[in-house]
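Counting in full-length UniProt numbering, the sequence shown runs from 1 upward without gaps.
First comes the structure, then the notes that go with it.
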Amino acid sequence: MLQNTGKLAGCTLFITGASRGIGKAIALKAARDGANVVIAAKTAEQHPKLPGTIYTAAEEVEAAGGKALPCIVDIRDEQQIGTAVQKAIDTFGGIDILVNNASAISLTGTLETPMKKYLEEWSPLSTPPTPMINVGVPASTFYPTDSHELFILDVLDLSIAPCFYCFSSFGITHSPLSSSSSKPSAPSHHVRSKLIIPHLLKSRCPHILNLSPPLNLNPVWFKNHTAYTMAKYGMSMCVLGMAEEFRGQLAVNALWPKTAIQTAAMDMLGGEGVAKQCRKADIMADAAYAILSKPKEYTGHFLVDEDVLREQGVQDFEAYAVQPGHPLLPDFFLDETPDVLVQQMEQHGATPAFKPPPLSTAPPPSDGPIESTFNAIRGVLSEDVVKSTQGVYRFDLSGEHAGVWFLDLKSGSGSAGKGDPSLKADVVMKMDSGDFNKMFAGKLKPTLAFMSGKLQIKGDMTLAIKLEKLMSRMNKAKL
């Protein structure tokens with residue numbers, strides 16, 4: 001692991017989303033140098049499912065040797081950001097480093113995006129949040145009329161808008177989507193006030209670091225979650241533009257993990273058992289520390305954590321693994337296709353759980369393998385499974401064993417078989433029949449199948465996630 005060198009001693013870092021996960025890990029790494037850390041996050045009271053608050057994170061920062069300023073900040077709220085910036089200036093005398101870590105995540109398709117929770121967040125508003133856009137586009141384009149459009153704005157707000165808020169020192173009207181979680185924003189033609197960049201320009205070590213991926217335009221990373229990809233790539237485009245705009249004055253770079261990182265978000269996406277395929281957030285913290293220790297002339301780079309640390313002389317990465325020796329799950333956006341991910345893992349001696357099946361020279365009987373899988377599914381059905389799931393699934397399979405199959409986990413003790421379900425399906429999954437078998441056998445992770453385009457999901461995403469628990473139970477029963 002990368003050792004601290006003291007280069008961030010006395011520097012002030014403004015880190016969004018620093019109450020937990022990668023943001024907190026970066027805060028603690030800087031604190032060991034004796035840095036000042038502004039913990040800008042929403043969680044002021046303990047969340048029933050998520051660890052940590054801005055205050056517990058502040059205690060950890062100070063215990064590590066730094067000084068902390070916990071600030072309640074919804075990154076969609078310009079007023080809250082401005083208040084936090086002013087508190088940082090009053091407390092520490094300036095800001096040297098901005099880390100844009102907080103963002104939203106939703107891996108849902110354009111028409112299947114669930115909106116209820118986002119509308120609930122906005123229920124106190126008398127009008128929808130006002131996008132700050134003035135580029136000759138009709139206002140109706142950005143004043144959404146349905147829940148799906150509201151969601152798109154929210155995902156973009158939680159990633160792109162904070163970057164511009166914190167960067168803002170421009171006299172232009174074509175600004176990014178912006179909103180307030182507490183009240184409507186100013187009219188679209190008003191320009192946001194200067195926030196952090198003016199203070200960074202006065203620093204001896206000015207840096208902006210966005211946690212966003214390299215720009216990979218392969219459609220596979222867009223087709224199943226366009227809004228999320230737009231949001232992350234929007235942050236990356238901020239790096240591309242700002243690095244040139246402020247070249248010679250401050251460093252603007254992006255950092256992305258090579259493998260999955262164990263965070264609350266990853267636990268939610270990957271479900272039970274994903275942690276052992278992840279690295280700890282410490283690897284991102286060490287890589288961020290290495291980048292932020294460089295001079296301001298080091299700018300405009302899209303960096304991957306492992307590559308950064310190899311350049312620093314780190315050779316043993318097992319210390320970063322949640323479960324040393326276990327094959328790691330590659331992160332998204334970095335490779336052209338999942339097949340490339342497989343090759344890369346094998347080059348490092350791993351055995352990918354999602355490796356495509358070898359080509360068969362003799363095709364099996366018509367429904368043989370699919371029927372075998374459904375026989376195994378029937379073997380684990382019970383009233384308890386039905387009670388805990390309450391969902392009906394339809395599988396539209398293509399390929400060599402194409403057909404429609406169902407899984408009813410809403411009635412009686414459950415049922416499964418070929419054909420349409422007797423009740424309306426809550427979730428419809430489309431995929432190749434071979435990938436279907438591998439997924440239920442535990443050889444293909446549902447999250448990776450979805451992200452790589454092998455699995456298409458329509459309907460209730462919560463129920464889709466619950467299905468993974470049934471797969472885990474089947475694996476224990478040795479499908």
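The beta-carbon is built from N, C-alpha and C at its ideal position, and this holds for glycine as well.
Q | Boundaries (first-last residue) of the alpha helix (DSSP H) holding alanine 30 | A | 21-31
Q.
Quick check on the DSSP output: what are the complete alpha helix (DSSP H) runs of length 4 or more inside the stretch 48-117, in order along the chain?
A. 54-63 and 78-92
Q: Check whether the Cβ atoms of threonine 389 and asparagine 437 sit closer than 8 Å, and answer yes or no.
A: Contact flag unset, no.
Q) What's the gap between the Cα of isoleucine 196 and the Cα of lysine 387? A) The straight-line gap from Cα to Cα measures roughly 51 Å.
(Q) Tell me which residues share the same chain as isoleucine 72 and place their Cβ nearer than 6 Å to its Cβ, disregarding the 5 neighbours each side in the sequence. (A) Counting only Cβ-Cβ distances below 6 Å, and skipping sequence neighbours, we find Ala44.
(Q) What residue range does the beta strand (DSSP E) around valine 385 cover? (A) Per DSSP, valine 385 belongs to no beta strand (DSSP E); it is in the alpha helix (DSSP H), 383-389.
**Q.** C-alpha gap between phenylalanine 302 and lysine 294, whole angstroms
**A.** 15 Å
Q) Could you give the uninterrupted runs of the beta strand (DSSP E) lying entirely in the stretch 387-428, keeping only those of 3 residues or more? A) 391-398, 403-409 and 415-418
Q: Can you grab the Cα-Cα spacing for the pair residue 533 / glutamine 277, in whole Å?
A: Because the chain here runs from 1 to 479, residue 533 falls outside it and cannot be looked at.
Q) Expressed to the nearest angstrom, what Euclidean distance is found between the alpha-carbon atoms of phenylalanine 440 and alanine 18? A) 37 Å
Q: Per DSSP, which residues does valine 37 bridge with? Please list them.
A: Leu13 and Ala68
**Q.** Reduced DSSP category for phenylalanine 276 - H, G, I as helix; E, B as strand; rest coil
**A.** Here residue 276 is lysine; the residue named in the question, phenylalanine, does not match the sequence. Three-state DSSP puts lysine 276 in a helix.
Q: Tell me, please, which residues DSSP counts as bridged to glutamine 456.
A: Glutamine 456 is bridged to Lys430.
Q) Which word fits threonine 227, buried or exposed, when buried means at least 16 other C-beta atoms lie within 10 angstroms of its C-beta? A) As written in the sequence, residue 227 is alanine, which differs from the threonine given in the question. Classification of alanine 227: buried, given that the 10 Å Cβ count is 16 or more.
Q: Give a yes or no on whether the C-beta atoms belonging to asparagine 216 and glycine 109 are separated by under 8 Å.
A: no
Q. Would a check of beta-carbon distances place threonine 16 closer than 8 Å to chain D?
A. Going by chain labels, chain D is absent from the structure shown, which holds only one protein chain.
Q: List the endpoints of the continuous alpha helix (DSSP H) containing leucine 255.
A: First-last for leucine 255: 251-256, but that is the beta strand (DSSP E), not the alpha helix (DSSP H).
Q.
In the DSSP output, what is phenylalanine 450 paired with across the bridge?
A. Residue pairing from DSSP leaves phenylalanine 450 without any beta-bridge partner.
Q | Separation of valine 385 from histidine 207, as counted between CA atoms | A | 51 Å
Q.
I'd like to know whether the C-beta atoms of lysine 430 and aspartate 331 end up nearer to each other than 8 Å.
A. no
Q. Using the C-alpha atoms, what's the distance from alanine 264 back to aspartate 33?
A. For aspartate 33 and alanine 264, the distance between alpha carbons rounds to 27 Å.
Q: Return the chain-ordered list of same chain residues with a C-beta closer than 7 Å to the C-beta of glutamate 306, the five sequence neighbours on each side being excluded.
A: Lys258 and Phe317
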